[in-house]
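If you use the numbering used here, the sequence shown closes out at 570, no skipped numbers anywhere. For each residue, glycine too, the CB sits at the ideal point set by N, CA and C. Since this is a predicted model, take the numbers as computed values, not measurements. Notes to accompany the following structure.
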Amino acid sequence: MKFLKKEISGSVVSFFFIFSPPFKFLLLYVPSMKKFLYGIDFGTTNSALAIYDEETREIHNTIIIPSLIYFYDQPGAVNTTNYVVGEEAITAYLADNMKGRFIKSVKQILSRSSFSETRIQNKRYTASDLVAIILRELKNRADRLIGQDCRKAVIGRPVFFDDDDVQKDTLAQTRLNKAAEIAGFTDVRFQFEPIGAAFAYEKSLVKKENVLVADLGGGTTDFTYLVLDPEKVGSKDRKNDMMANGGIYVGGDSFDSTFMWEKGTPYFGKNTQYEASPGKVLTVPKSLFTNICSWEQMNFFNGLRIKKDIEDYYYFSGNDPQFKNLMTLIENNLGYSVFQSIEKTKIMLTNADTAMFKYHKMSININEEIQLIDYEQIISKDVDRVASYLDEFMLHNGITPRNIDSLFLTGGTSMVGSIQKLFKNKFPHVNLNSGDNFKSVAKGLAYSGYLFED
Ligand SMILES: Nc1ncnc2c1ncn2[C@@H]1O[C@H](COP(=O)(O)OP(=O)(O)OP(=O)(O)O)[C@@H](O)[C@H]1O
Ligand SMILES: [Mg+2]
C-alpha cells in the first residue's frame with residue numbers, strides 16, 4: 117500500500133491506493149486526524165482553553181468559562197447530573213433560589229493542606245475532584261469543536277500557588293495534575309501562567325525585546341521577566357530566555373474582600389453591640405465577619421457551629437436589624453450575589469469617578485455612593501503589596517527599569533485604575549502593552565508545545 121499526503125483547504129488528507137484484483141486499483145481517501153493540543157488556563161475567576169493546531173501552528177479556537185460549579189439543591193429535579201459548570205452555574209444557582217451549593221474560586225483550595233474533601237449531597241469531593249469538573253467541562257466543549265478526544269494539554273500554574281511555601285506549592289501542583297488525569301488528560305505539561313501570557317504577546321512583536329509581564333488575576337499577581345523574540349515563536353529551547361519569575365497571592369478577589377470588609381460588613385452588623393453580661397456591653401467579634409469576606413471561607417466553613425453563636429449575639433444585641441442581615445446572608449446563601457454587586461462597583465470605577473454600591477435582597481438594603489478616591493484608599497494596602505513585591509522581585513533579580521524594553525499587562529485586575537497607575541509611575545518611559553485580558557494566558561500556554569520535546 118502506498119500513500120501520499122496532501123494539504124487540502126487546511127486539512128490533511130491521505131490518499132490510499134489499494135491494488136487489489138479484480139479492480140485495477142481502488143482509490144480511497146481517508147481524512148487523517150489533525151493533531152491538536154490544548155492550552156488551559158485554570159483561573160480563580162475564569163478558565164480558558166485555547167485549541168492549538170499542531171500542524172498549522174495556529175490557535176484554532178478559544179473557550180472561556182467562569183470557574184464556577186453549582187450543585188443543585190435537589191439533584192435530578194432539573195437535570196440528570198447533580199451539578200452545572202460555568203455561566204450556567206450562576207443561572208441555575210439563582211433559579212434554585214441560591215439553595216444548593218455554589219462553588220467559586222476553587223483554585224484557592226489547591227494549596228490548602230487543611231482541606232481534604234467536602235461533602236456535597238452525601239458524596240465526597242476532593243480538591244482534585246472539584247477542579248476536574250471545570251477541566252472536564254472545558255475539555256468536553258473543546259473536544260466537541262474539533263470532533264476528537266484530545267488528551268494532550270499544557271496547563272498553566274501560578275508562579276506560587278500560595279505564599280512562598282514549597283510544600284504547599286507541590287501539593288497544589290500534584291492536585292492539579294490529578295485533576296487533569298480525572299478530566300481525561302493523559303499527556304500533560306505545566307507552564308507558568310505569566311510565561312503563557314508572554315508567549316501570546318510575543319506573537320505581536322517585530323523585534324527582540326526584554327519584557328516584564330504582569331498577570332493580575334482574581335487570586336494571584338504573577339511576574340515574569342524574559343527575552344521575547346518573534347523569530348523564536350514555537351521554538352524548542354526557550355529555557356535560557358526566562359530570566360526571572362515571581363508572584364504574590366494578591367488579586368482582584370483581595371480587592372473585593374477588602375471592600376466587603378470596609379464597606380459591606382457594616383451593613384451586616386460589624387459594629388453591633390450586645391450585652392455580654394449585665395451592664396457589660398461589647399461589640400460583636402470581628403472574626404465573625406472574616407468568614408463573609410473570603411470566598412474560601414464562605415464555600416467551606418462549617419455554618420452550623422457559627423450559626424448558634426450568631427443567634428446568641430442577635431438575641432443579646434436586642435435584635436439588631438443590621439446583625440439580622442448577617443443571619444439572612446448566611447441562611448440564604450447570599451454571599452455570591454453580594455460579591456457580584458461589589459465586583460460591579462469595582463468595574464464601574466475603572467471608567468468613572470463615582471459608582472453606586474447597591475444591593476437589595478430580602479431585608480438587606482445597600483445603596484451607597486462610592487468615590488473612586490475612597491475606593492483607591494480601600495484597596496491601597498493590596499496595591500501596595502503588589503508594588504513592594506515588584507520592587508523586591510526586581511532588586512532580587514538585578515532588574516532595573518532600564519533593562520526593560522516593554523511591559524505587558526494582562527488579567528482582569530490589570531484594568532483597575534490603581535494598578536495602571538502603579539505601572540505608569542514605576543516605569544514612566546516604558547511602553548505599556550496589553551492583550552486580551554482573559555484569553556492571553558491560555559493562548560500562550562498553547563504555544564508552549566516545546567515542553568513535550570523534553
Ligand atoms: N473590567 C474590569 N475591571 C476591573 N477588574 C475586573 C474587570 N473585569 C474583571 N475584573 C476582575 O478580574 C479578576 C479576574 O481576572 P482573570 O480572569 O484574569 O483572573 P483568573 O485568571 O481567573 O485568576 P488567577 O490568574 O489569579 O487564577 C476578577 O477579580 C474580576 O473581578
Ligand atoms: Mg489568570
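| request: Please say whether residue 509 and residue 360 have beta carbons closer to each other than 8 Å? | output: Position 244 of the sequence shown holds residue 360. Position 393 of the sequence shown holds residue 509. Contact flag set, yes.
| said: Considering only DSSP beta bridges, list what residue 163 is partnered with. | reply: Stepping through the sequence shown from its first residue, residue 163 is reached at position 47. Paired residues: 158, 181.
| Residues in its own chain within less than 7 Å of residue 527 by CB, not counting five upstream and five downstream? | Looking up residue 527 in the sequence shown gives position 411. Closer than 7 Å at Cβ, skipping near neighbours: 331, 332, 333, 553.
| query | Closest by CA to residue 479, which one among 444, 240, 464, 568? | reply | Stepping through the sequence shown from its first residue, residue 479 is reached at position 363. Selected option, being the one with the closest Cα: 444.
| In terms of DSSP beta bridges, what is residue 331 paired with? | Residue numbering aside, residue 331 sits at position 215 when the sequence shown is read from its first letter. Bridge partners of residue 331: 338, 526.
| task | Report the rounded CA-to-CA distance for residue 402 versus residue 319, giving the unit in angstroms. | result | Working through the sequence shown from its first residue, we reach residue 402 at position 286. Working through the sequence shown from its first residue, we reach residue 319 at position 203. Those two C-alpha atoms are separated by around 49 Å.
| task | Quick one: grab the DSSP three-state call for residue 485. | result | For the purposes of this step, residue 485 is taken as the residue at position 369 of the sequence shown. If DSSP states are grouped into helix, strand and coil, residue 485 belongs with the strands.
| Exposure label - residue 210; buried when at least 16 CB within 10 Å | Residue mapping note: residue 210 aligns to position 94 of the sequence shown, counting from 1. The residue in question, residue 210, is exposed, as its Cβ has fewer than 16 Cβ neighbours within 10 Å.
| Sorted by chain position, which residues of the same chain lie with C-beta nearer than 7 Å to residue 385's C-beta, five sequence neighbours on each side aside? | The count along the sequence shown starts at 1 and reaches residue 385 at position 269. Here the set comprises 400, 436, 438, 439, 441, 442.
| query | Contact check, residue 343 vs residue 324 under 8 Å by CB: the rounded distance? | reply | Indexing the sequence shown from 1 puts residue 343 at position 227. Indexing the sequence shown from 1 puts residue 324 at position 208. 7 Å between Cβ atoms; contact.
| request: For the alpha helix (DSSP H) holding residue 434, just list the boundary residues, first then last. | output: Reading the sequence shown from its first residue, position 318 is the one you call residue 434. That residue, residue 434, is in no alpha helix (DSSP H); it is neither H nor E in DSSP.
| query | Where residue 181 and residue 522 are concerned, what is the direct C-alpha to C-alpha distance, given to the nearest angstrom? | reply | Sequence index remark: in the sequence shown, residue 181 carries index 65 (1-based). Sequence index remark: in the sequence shown, residue 522 carries index 406 (1-based). Going from the Cα of residue 181 to the Cα of residue 522 covers about 30 Å.
| query | Is residue 155 near ligand 2, judged by its Cβ being under 7 Å from some heavy atom? | reply | Translated into the one-based positions of the sequence shown, residue 155 becomes position 39. Residue 155: no, Cβ never under 7 Å from ligand 2.
| Which runs of the beta strand (DSSP E) spanning at least 3 residues fall entirely within the segment 218 to 261, listed in chain order? | 234 to 236, 239 to 241
| Inter-stretch contact (C-beta, 8 Å, three-pair minimum) for the segment 168 to 183 and the segment 363 to 377 | no
| message | Is residue 557 near ligand 4 - that is, is its Cβ less than 7 Å away from at least one heavy atom of it? | response | Judged by which ligands are present, ligand 4 is missing from the structure shown, whose ligands are ligand 1 and ligand 2.
| query | Just the Cα atoms here: how many angstroms apart are residue 546 and residue 536? | reply | To locate residue 546, count along the sequence shown from 1; it is residue 430. To locate residue 536, count along the sequence shown from 1; it is residue 420. Cα to Cα, residue 546 sits roughly 13 Å from residue 536.
| task | Name the residue from 292, 268, 329 whose alpha carbon lies nearest to the alpha carbon of residue 224. | result | Numbered from 1 along the sequence shown, position 108 holds the residue referred to as residue 224. Checking every option, the nearest Cα to that of residue 224 belongs to 292.
| said: Contact between the segment 548 to 565 and the segment 311 to 318 is defined here as three or more beta-carbon pairs at a separation below 8 Å; is this criterion met? | reply: yes
| query | Grouping DSSP H, G and I as helix and E and B as strand, with all else coil, what is residue 361? | reply | Position 245 of the sequence shown holds residue 361. Three-state DSSP puts residue 361 in a strand.
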